[in-house]
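In what follows, a structure is listed as C-alpha coordinates, so that the remarks can point back to it.
In my numbering, the protein residues as written are 17 to 88.
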(Lines of atoms letter the chains of each structure in order from A and count residues from 1; the text may use other names and numbers.)
(Lines give C-alpha, C1' and ligand atoms only; values in the text may rest on other atoms or scores of the structure.)
Protein backbone atom coordinates (compact mmCIF):
# COMPACT_ATOMS: atom_id res chain seq x y z
CA UNK A 1 0.00 0.00 0.00
CA UNK A 2 2.85 2.37 0.80
CA UNK A 3 4.32 1.98 -2.67
CA UNK A 4 0.93 2.57 -4.27
CA UNK A 5 0.42 5.82 -2.37
CA UNK A 6 3.97 7.07 -2.93
CA UNK A 7 3.86 6.33 -6.67
CA UNK A 8 1.19 9.02 -7.02
CA UNK A 9 3.42 11.71 -5.48
CA UNK A 10 6.26 13.54 -7.22
CA UNK A 11 7.63 15.77 -4.44
CA UNK A 12 10.40 14.17 -2.35
CA UNK A 13 9.23 16.14 0.69
CA UNK A 14 5.66 14.88 0.29
CA UNK A 15 6.92 11.32 -0.21
CA UNK A 16 8.88 11.49 3.06
CA UNK A 17 5.89 12.94 4.89
CA UNK A 18 3.49 10.35 3.47
CA UNK A 19 5.89 7.48 4.20
CA UNK A 20 6.19 8.59 7.82
CA UNK A 21 2.41 8.96 8.15
CA UNK A 22 1.82 5.49 6.71
CA UNK A 23 4.49 3.92 8.92
CA UNK A 24 2.85 5.44 11.99
CA UNK A 25 -0.60 4.28 10.90
CA UNK A 26 0.60 0.73 10.23
CA UNK A 27 2.39 0.61 13.59
CA UNK A 28 -0.87 1.61 15.27
CA UNK A 29 -2.80 -0.88 13.14
CA UNK A 30 -0.62 -3.73 14.44
CA UNK A 31 -2.10 -3.12 17.90
CA UNK A 32 -5.62 -3.75 16.59
CA UNK A 33 -7.29 -7.07 15.91
CA UNK A 34 -7.26 -7.93 12.23
CA UNK A 35 -9.72 -5.48 10.67
CA UNK A 36 -10.31 -4.44 7.07
CA UNK A 37 -9.35 -0.92 6.13
CA UNK A 38 -12.50 1.18 6.47
CA UNK A 39 -13.76 4.64 7.25
CA UNK A 40 -14.56 3.45 10.79
CA UNK A 41 -11.00 2.20 11.30
CA UNK A 42 -9.55 5.52 10.14
CA UNK A 43 -11.96 7.19 12.57
CA UNK A 44 -10.50 5.07 15.38
CA UNK A 45 -7.03 6.18 14.34
CA UNK A 46 -8.15 9.80 14.40
CA UNK A 47 -9.50 9.30 17.91
CA UNK A 48 -6.13 7.81 18.88
CA UNK A 49 -4.32 10.89 17.52
CA UNK A 50 -6.69 13.16 19.47
CA UNK A 51 -5.95 11.16 22.64
CA UNK A 52 -2.24 11.76 22.03
CA UNK A 53 -3.01 15.47 22.18
CA UNK A 54 -1.66 16.26 18.74
CA UNK A 55 -2.25 19.71 17.36
CA UNK A 56 -4.18 19.94 14.07
CA UNK A 57 -1.14 20.35 11.78
CA UNK A 58 0.78 17.23 12.90
CA UNK A 59 -2.51 15.33 12.97
CA UNK A 60 -3.23 16.41 9.41
CA UNK A 61 0.23 15.29 8.29
CA UNK A 62 -0.36 11.83 9.75
CA UNK A 63 -3.78 11.52 8.11
CA UNK A 64 -2.90 12.96 4.68
CA UNK A 65 -1.58 9.76 3.12
CA UNK A 66 -4.69 7.87 4.21
CA UNK A 67 -7.28 10.05 2.57
CA UNK A 68 -5.71 13.27 1.36
CA UNK A 69 -5.00 13.98 -2.25
CA UNK A 70 -1.32 14.15 -3.25
CA UNK A 71 -0.23 17.74 -3.71
CA UNK A 72 3.14 17.29 -5.31
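Yeah, the Cβ is synthetic: ideal placement off N, Cα and C, and Gly gets one too.
Note that this is a predicted model, so its numbers are computed, not measured.
Inter-segment contact for the segment 46–59 and the segment 19–38 is absent: fewer than three beta-carbon pairs are separated by less than 8 Å. Here residue 75 carries a helix assignment [DSSP, helix/strand/coil]. Pairing residue 70 with residue 18, the inter-Cα distance amounts to about 23 Å. Where residue 45 is concerned, the enclosing alpha helix (DSSP H) starts and stops at 28–45. DSSP places residue 67 inside the alpha helix (DSSP H), whose first and last residues are 55–67.
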